[in-house]
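Protein chains in written order, with our numbering: chain A, 13 to 122; chain B, 13 to 122.
Glycine included, C-beta positions come from ideal geometry on N, C-alpha and C.
Have a look at the structure below, then the notes.
There are 2 protein chains.
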Amino acid sequence: MNQPLHRFKAEFFKTLGHPARLAILDHLRDGEKSVNELQTLLEVDQSTVSQQLAKLRSTSIVESRKDGTTVYYSVSDPMIFKLLDVAREIFNNQLVGTKDMLQQLNEEVP
Amino acid sequence: MNQPLHRFKAEFFKTLGHPARLAILDHLRDGEKSVNELQTLLEVDQSTVSQQLAKLRSTSIVESRKDGTTVYYSVSDPMIFKLLDVAREIFNNQLVGTKDMLQQLNEEVP
DNA sequence: ACTGAATATAAGAATATTGCAATATTCACA
DNA sequence: TGTGAATATTGCAATATTCTTATATTCAGT
Chain A
13 MNQPLHRFKA EFFKTLGHPA RLAILDHLRD GEKSVNELQT LLEVDQSTVS QQLAKLRSTS
73 IVESRKDGTT VYYSVSDPMI FKLLDVAREI FNNQLVGTKD MLQQLNEEVP
Chain B
13 MNQPLHRFKA EFFKTLGHPA RLAILDHLRD GEKSVNELQT LLEVDQSTVS QQLAKLRSTS
73 IVESRKDGTT VYYSVSDPMI FKLLDVAREI FNNQLVGTKD MLQQLNEEVP
């Protein structure tokens with residue numbers, strides 16, 4: 013049943029399963045950002061950003077580069093963005109589905 | 013900051029973040045399966061499968077069809093498999109990375 | 001060495017998820 | 001209608017995650 017691999021993959025997806033972390037990844041689409049920049053973009057406090065980044069690091073989704081006292085984060089594999097894009101397509105499909113359904117419901121009413 | 017959308021997407025990824033649910037999706041790659049079939053394939057008890065299926069249903073990742081007393085589940089959007097495939101590629105990349113690293117380490121030893 | 005700035009980690013309460021056992025529901029058929 | 005088979009739901013204890021606050025660490029400049 014490939015337990016260990018599924019466990020591993022589950023960790024990966026679980027890491028993506030948090031609004032703040034998804035927001036971070038979205039901001040990293042146009043290149044690396046410092047913790048400070050992310051903090052102001054997300055409007056959450058320092059330790060929260062740092063903790064979420066730590067989790068993203070723990071699954072190797074992001075990597076960090078230190079320059080003086082500031083730490084820059086970037087997505088470690090561009091394929092991550094492809095994954096997010098595919099996810100977006102799935103959401104779009106779903107939304108289109110429900111939109112059509114609503115439309116049909118409306119059409120039923122004379 | 014697009015909070016609600018990120019919340020929504022997070023729910024989606026969180027749902028994928030569980031070994032048993034990933035295993036279920038893998039089994040659904042070759043078409044629909046009944047709860048019973050999944051139960052024997054996964055070797056877990058009935059209520060557990062049912063619960064995980066419920067969670068997958070709640071995010072519209074799978075859908076169900078009833079025939080008599082048996083319920084057949086299938087993935088509602090083939091794009092889900094594409095997503096899993098992209099994820100697999102990401103894992104492969106990571107593994108190749110660590111493999112290369114191990115190799116380099118070995119080469120350093122005379 | 002001392003100070004301030006940037007980031008990380010620790011600790012603990014609050015909340016959410018999971019797994020298991022028991023109970024409910026739904027359906028086919030005698 | 002009653003019975004069994006297939007699936008779903010419920011109720012909790014166990015576990016894991018998140019949020020917040022406080023404290024550490026690391027580095028540059030003086």
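Taking a contact to mean a Cβ-Cβ separation below 9 Å, would you say residue i touches residue j in this structure?
i: A/T82; j: A/S46; result: yes
i: A/I102; j: B/I92; result: yes
i: A/D38; j: A/L114; result: no
i: A/R33; j: A/Q64; result: yes
i: B/L40; j: B/V98; result: no
i: A/Q51; j: A/D57; result: yes
In terms of alpha-carbon separation, which member of the options lies closest to residue i?
i: B/H18; options: A/K21, A/E75, A/L28; result: A/L28
i: A/P90; options: B/A66, B/Q106, B/Q115, B/V56; result: B/Q106
i: A/K21; options: B/N48, B/A35, B/E44, B/T52; result: B/A35
i: A/P31; options: A/Q15, A/E49, A/T52, A/V61; result: A/V61
i: A/Q15; options: B/E55, B/E119, B/Q15, B/N104; result: B/E55
Using beta carbons (cut-off 9 Å, strictly below), is residue i in contact with chain B?
i: A/F25; result: yes
i: A/D112; result: no
i: A/M13; result: Confidence at A/M13 is low in this model, with a pLDDT of 46, below 50, so the placement of that residue should be treated as unreliable; the coordinate-derived value is given next. It does; some Cβ of chain B falls within 9 Å.
i: A/L65; result: no
i: A/R19; result: yes
i: A/L28; result: yes
Keeping to the same chain, check which residues put their C-beta closer than 7 Å to that of residue i; ignore five residues upstream and five downstream.
i: B/P71; result: Going by the sequence as given, residue 71 of chain B is Thr instead of Pro. Within the same chain, B/T71 has close Cβ partners E23, F24, T27.
i: B/G109; result: none
Is there a Cβ from chain A that is less than 9 Å from the Cβ of residue i?
i: B/V123; result: Given that chain B is displayed from residue 13 to residue 122, the structure contains no residue 123 of chain B and the question cannot be resolved.
i: B/Q106; result: yes
Cutting at 6 Å between CB atoms, please list the residues of its own chain near residue i, excluding the five before and the five after it.
i: B/R77; result: Y84
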